[in-house]
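Here is the structure we will look at.
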Amino acid sequence: SSMFVFPHKLVLKTCGTTTLLCGLPRMLEIAALEAGFPYVKADLPQDVPAAATPHRVFYSRKNYLYPDQQRGPHRSWRDEVRYLDKMFMGGSAYMIGKMNGEHWYLYITGPGTQLTPPATPEEDRLETKMHSFQIPEKLNNVTDSGDETLEILMTDLEETNARQFYLDDASAIAKDNARRAYDLRKDAVAHLGVIPECNGSDPSISGNTLVDGKDDARFDVFAQTSVEHSALNSDEDEPLSFSQELSTEGHTLGTVVTENSGLADLYPTSKYPDARIDSYLFTPCGYSANGVVPVPDDVESTHYWTVHVTPEPQCSYASFETNVPTRATGRSTVDVVQHVLGIFKPGRFSVTLFEAKGDNDSTSAKWDKAMERIKGYRRVDRIVHDLEGYELVFRYFERE
Amino acid sequence: PSSLANGTPHLTINKEITALDLDSSCAFEGPEKLLEVWFCASEQALPPTASPLGLKVVSQDAWKKMLDLVNCKVLSVVESRNVDAYLLSE
Numbered sequence: 006s007s008m009f010v011f012p013h014k015l016v017l018k019t020c021g022t023t024t025l026l027c028g029l030p031r032m033l034e035i036a037a038l039e040a041g042f043p044y045v046k047a048d049l050p051q052d053v054p055a056a057a058t059p060h061r062v063f064y065s066r067k068n069y070l071y072p073d074q075q076r077g078p079h080r081s082w083r084d085e086v087r088y089l090d091k092m093f094m095g096g097s098a099y100m101i102g103k104m105n106g107e108h109w110y111l112y113i114t115g116p117g118t119q120l121t122p123p124a125t126p127e128e129d130r131l132e133t134k135m136h137s138f139q140i141p142e143k144l145n146n147v148t149d150s151g152d153e154t155l156e157i158l159m160t161d162l163e164e165t166n167a168r169q170f171y172l173d174d175a176s177a178i179a180k181d182n183a184r185r186a187y188d189l190r191k192d193a194v195a196h197l198g199v200i201p202e203c204n205g206s207d208p209s210i211s212g213n214t215l216v217d218g219k220d221d222a223r224f225d226v227f228a229q230t231s232v233e234h235s236a237l238n239s240d241e242d243e244p245l246s247f248s249q250e251l252s253t254e255g256h257t258l259g260t261v262v263t264e265n266s267g268l269a270d271l272y273p274t275s276k277y278p279d280a281r282i283d284s285y286l287f288t289p290c291g292y293s294a295n296g297v298v299p300v301p302d303d304v305e306s307t308h309y310w311t312v313h314v315t316p317e318p319q320c321s322y323a324s325f326e327t328n329v330p331t332r333a334t335g336r337s338t339v340d341v342v343q344h345v346l347g348i349f350k351p352g353r354f355s356v357t358l359f360e361a362k363g364d365n366d367s368t369s370a371k372w373d374k375a376m377e378r379i380k381g382y383r384r385v386d387r388i389v390h391d392l393e394g395y396e397l398v399f400r401y402f403e404r405e
Numbered sequence: 055p056s057s058l059a060n061g062t063p064h065l066t067i068n069k070e071i072t073a074l075d076l077d078s079s080c081a082f083e084g085p086e087k088l089l090e091v092w093f094c095a096s097e098q099a100l101p102p103t104a105s106p107l108g109l110k111v112v113s114q115d116a117w118k119k120m121l122d123l124v125n126c127k128v129l130s131v132v133e134s135r136n137v138d139a140y141l142l143s144e
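Protein chains in written order, with our numbering: chain A, 6 to 405; chain B, 55 to 144.
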């Protein structure tokens, strides 16, 4: 699961039996009372005293594999919509795709969302008005142009590809890497009489914090640790056994998987020097990663991507989502999709591209056409929705 | 951190949570729920009542309490100038 906090919006993506919508009232309260967004009294669960009025709300999900095991308002789409409708006025709910196949749900509110007012006496309504702040027309009308979100939801992952998201496999790769680092050092000491420094950045570690590391920083720490262990035992032919902690630590192995799977090459540091990936490998399997991608020459603009993987064969699933705009990368949407598909090799997948309507309609049309042909797959569905200010294109593919 | 000023993201690992045995054996439902809440149209359109940092002014502790309601724990956070990325359990 992941959360992204921008100055003006919050993105929360959670899996399993999490109760995401139960966090929404508190989220609105925090935005009001801690971040200072305009707020009103509203008829919300959990009796929150104040709730910020959102500009827009989007809630979406694929159909669950095991809906009966969900909790709270998540047991059915109807319950989720009912929960949201109790909070927001004028929301719209959609089901996109085949009812008896792969489908996707979306709930959306339009610009200038209104919270459902409490059924209260007149004096409370007056109080509501006192807390309200009317957003000036010119601010409320700022265009969302340039905003785009690409989401790929993949099922039936190729078993070999799914294996790389298991602790056993990742640990074996990590040990190989450590052994190679040891061998390099041993050769250098034997032939040159010097101790080579690790390549890449030179991270400093303070308490729980790794500061200013680049994308391979943790691996360097990890390799260096192994080298240092070996140095203490330089007379031995074999390196010390790889420490238990390093071979199971989720963040360390997450980094190994990120490098080895090709996810690190999605937005490489050679092109995005300040990009950073934070990843975690769960025990005995499962993987999550967040990437932040500051766009060079535009310090105002940092975007994200996120990947979550459940690799077990009976319920294999991977999701990829990014809001890195294609205009900033010079890379087409279809290239990104092909790259991600190459990592997971799913049997079936859906792609949703959610894009604010803007000036790039001709470019979008070109990419839209390119997305029709994904090598090795047959496009089954293409559904376009014209939603207040946004265009949503949903596609569903199956392996040929 | 000073690194944020020059645009370099900064990672913090929550050792308290990652030291726990985060066993995923019972995971069965991959498909996620996705919520996006916009409080204004863009970073440039923050209302005058809001902090200049908007939601980024909110403490990690406040978000953690909200995430308790969702049944998620924070594993690590990457802070950058425009966005803070939280990697969560579950």
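Note that the Cβ used here is the ideal one computed from N, Cα and C, for glycine as well.
Item                                                                                                                                                                              : Value
With 8 Å set as the bound, which would you pick, yes or no: does the beta-carbon of Glu-405/A sit closer than that to a beta-carbon of chain B?                                   : no
Less than 8 Å between C-beta atoms, sequence neighbours within five positions excluded: which residues of the same chain meet that for Ser-293/A?                                 : Ser-6, Ser-7, Gly-259, Ser-284, Tyr-285, Phe-287, Thr-311, Val-312, His-313, Val-314
Span of the alpha helix (DSSP H) holding Met-8/A?                                                                                                                                 : From DSSP, Met-8/A is part of no alpha helix (DSSP H) but of the beta strand (DSSP E) over 7-10.
May I ask you to report which of helix, strand or coil DSSP gives Tyr-187/A?                                                                                                      : helix
Taking Cβ positions, are Lys-110/B and Val-10/A nearer each other than 8 Å?                                                                                                       : yes
To the nearest angstrom, how far is it from the Cα of Arg-190/A to the Cα of Ile-178/A?                                                                                           : 19 Å
Please report the distance separating the alpha-carbon of Asp-84/A from that of Pro-78/A.                                                                                         : 5 Å
Answer yes or no: do Tyr-269/A and Met-159/A have a C-beta to C-beta separation smaller than 8 Å?                                                                                 : Note that residue 269/A is Ala in the sequence shown, not Tyr. No, Cβ-Cβ distance for Ala-269/A and Met-159/A is not below 8 Å.
Taking the continuous beta strand (DSSP E) assigned at Thr-327/A, which residues delimit it?                                                                                      : 322-327
Name the chain B residues whose beta carbon is nearer than 8 Å to that of Asn-295/A?                                                                                              : Val-132, Ala-139, Tyr-140, Leu-141
Leaving aside the five residues before and after Asn-125/B along the sequence, list all residues of the same chain whose C-beta is less than 7 Å from its C-beta, in chain order. : Glu-144
Which bits of chain A does Asp-77/B rub up against, with CB to CB less than 9 Å?                                                                                                  : Phe-287, Thr-288, Pro-289
Name the chain B residues that come within less than 8 Å of Pro-330/A, Cβ to Cβ?                                                                                                  : The contacting residues do not exist; Pro-330/A stays about 13 Å from chain B at best.
Can you tell me where the beta strand (DSSP E) holding Ser-65/A begins and where it ends?                                                                                         : 61-67
According to DSSP, is Tyr-88/A part of a helix, a strand, or is it coil?                                                                                                          : helix
The alpha helix (DSSP H) that contains Val-339/A, what's its start and end?                                                                                                       : 338-349
Return the Cβ separation of Gly-102/A and Phe-399/A in integer angstroms, given the expectation that the two are a contact with Cβ distance under 8 Å.                            : 6 Å
DSSP three-state call for Thr-62/B: helix, strand or coil?                                                                                                                        : coil
For Leu-271/A and Val-342/A, I'd like the C-alpha separation in whole angstroms.                                                                                                  : 10 Å
Can you grab the Cα-Cα spacing for the pair Val-45/A / Pro-101/B, in whole Å?                                                                                                     : 15 Å
Check whether the region 49-69 of chain A and the region 97-116 of chain A touch, using three or more Cβ-Cβ pairs below 8 Å as the test.                                          : yes
Can you grab the Cα-Cα spacing for the pair Lys-18/A / Ser-134/B, in whole Å?                                                                                                     : 19 Å
Does the beta carbon of Lys-110/B sit closer than 8 Å to a beta carbon anywhere in chain A?                                                                                       : yes
Would you mind telling me which residues of chain B sit closer than 8 Å to Thr-121/A, beta carbon to beta carbon, in chain order?                                                 : Chain B residues near Thr-121/A: none, gap ~15 Å exceeds 8 Å.
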